[in-house]
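Before any comments, here is the structure.
There are 2 protein chains.
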Amino acid sequence: MSMDKVTMMTLLCDFYGQLLTKRQQKFIELYYGNDYSLGEIAENYGVSRQAVYDTLKRAESTLRNYERKLGLIDKFLKQRNKLAEAARLLEEHNKNSPGRIARAREILQEILEMDRG
Amino acid sequence: MSMDKVTMMTLLCDFYGQLLTKRQQKFIELYYGNDYSLGEIAENYGVSRQAVYDTLKRAESTLRNYERKLGLIDKFLKQRNKLAEAARLLEEHNKNSPGRIARAREILQEILEMDRG
């Protein structure tokens, strides 16, 4: 599946971010989450631009390695597609059916919302 | 939630087993999956009973540590409960409604089955 870099890094961090060092987590957050440049992070932390770049590359490689081994994001995305399909079917059906289906739809919606933590 | 040891170890291995050494994975599979005794594993691998015990303890501690940091099993179990509830509601409803809901139910069932895959 195609996915932009920021979305993929966000997912990788959602799943495996706690396995990185605090500094790696922080740099990723600033670079991918807050759109800081390498130079801005370097300046804020009193390190070279190259050091920031290396830290980000190493962190990304670590995260991808966890996903290569565990494949939990791949599984999560497949489930999410199926859930979305089920929710859509129920959504369409809901117009002329009460109670129980509506509740099922709510539950599916809750699951879709809790997925991303 | 309460859960027996074997079930919990199976879940831990499903999620994080690939992060263990091959030997750790094998010993866990034999001990928890195939009900081998420590002594039997020791004999098969030409090591002491104590070495088998230590390997299992270390592996278990590693797995629990990943779950403590990432919490993916906890999240998975909560989702699973919600999915099961939604599936049950749809199941009961299904008796007097065709097509679309039945398909949604199938999808939920597929998800429930792929969870442990």
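Chains as they are written, first to last, in the working numbering: chain F, 3 to 119; chain U, 3 to 119.
Idealized CB from N, CA, C, for every residue including glycine.
In whole angstroms, give me the CA-to-CA distance for U:T12 and U:A86. Roughly 20 Å separates the two Cα atoms.
Residues, ordered as in the chain, of the region 60-87 of chain F that lie near chain U by beta-carbon distance below 7 Å: Listed by position along the chain: K71, L72, L74, Q81, K84, L85 and E87.
Quick one: which chain F residues come within Cβ less than 9 Å of U:M116? Close partners of U:M116 in chain F (Cβ separation under 9 Å): K77, K80, Q81 and K84.
When the cut-off is 8 Å and only beta carbons count, does F:A106 lie next to chain U? For F:A106, the answer is yes, since a Cβ of chain U falls inside 8 Å of its Cβ.
Can you find the residues in the same chain that come closer than 6 Å, C-beta to C-beta, to F:L65, ignoring five residues on each side of it along the sequence? For F:L65, where only same-chain residues beyond five positions count, the Cβ hits under 6 Å are L14 and Y18.
What does the alpha-carbon distance come out to for the pair F:Q81 and U:Q81? Cα to Cα, the separation comes out at about 11 Å.
What do you get for F:G119, buried or exposed, if any count of 16 or more other CB atoms within 10 angstroms of its CB means buried? With a pLDDT of 46 at F:G119, under the threshold of 50, the predicted position of this residue should be treated as unreliable, though the coordinate-derived value follows. Exposed.
F:E45 to F:D56 span [Cα, whole Å]: Pairing F:E45 with F:D56, the inter-Cα distance amounts to about 15 Å.
Tell me the rounded alpha-carbon separation between U:L92 and U:R107. Counting only the Cα atoms, U:R107 lies some 6 Å from U:L92.
Using DSSP with H/G/I as helix, E/B as strand and the rest coil, what is U:D76? Secondary structure at U:D76: helix, using DSSP grouped into helix, strand and coil.
Does the beta carbon of U:L14 sit closer than 8 Å to a beta carbon anywhere in chain F? So, not an interface residue.
Please say whether F:K71 and U:L21 have beta carbons closer to each other than 8 Å? Yes.
Looking only at its own chain, which residues have a Cβ that is under 7 Å from the Cβ of F:S50, when we skip the five neighbours before and after it? Residues of the same chain with a CB within less than 7 Å of the CB of F:S50, apart from the 5 flanking positions on each side, are A44 in chain order.
Specify, as a first and last residue, the run of the alpha helix (DSSP H) that F:Y18 falls within. It spans K7 to Y18 - the alpha helix (DSSP H) in which F:Y18 sits, taken as one unbroken run.
Against chain F, with Cβ distances strictly below 8 Å, would U:M3 count as a contact? Because U:M3 sits at a pLDDT of 40, beneath the cut-off of 50, its placement in the model cannot be relied upon, and the point is left open.
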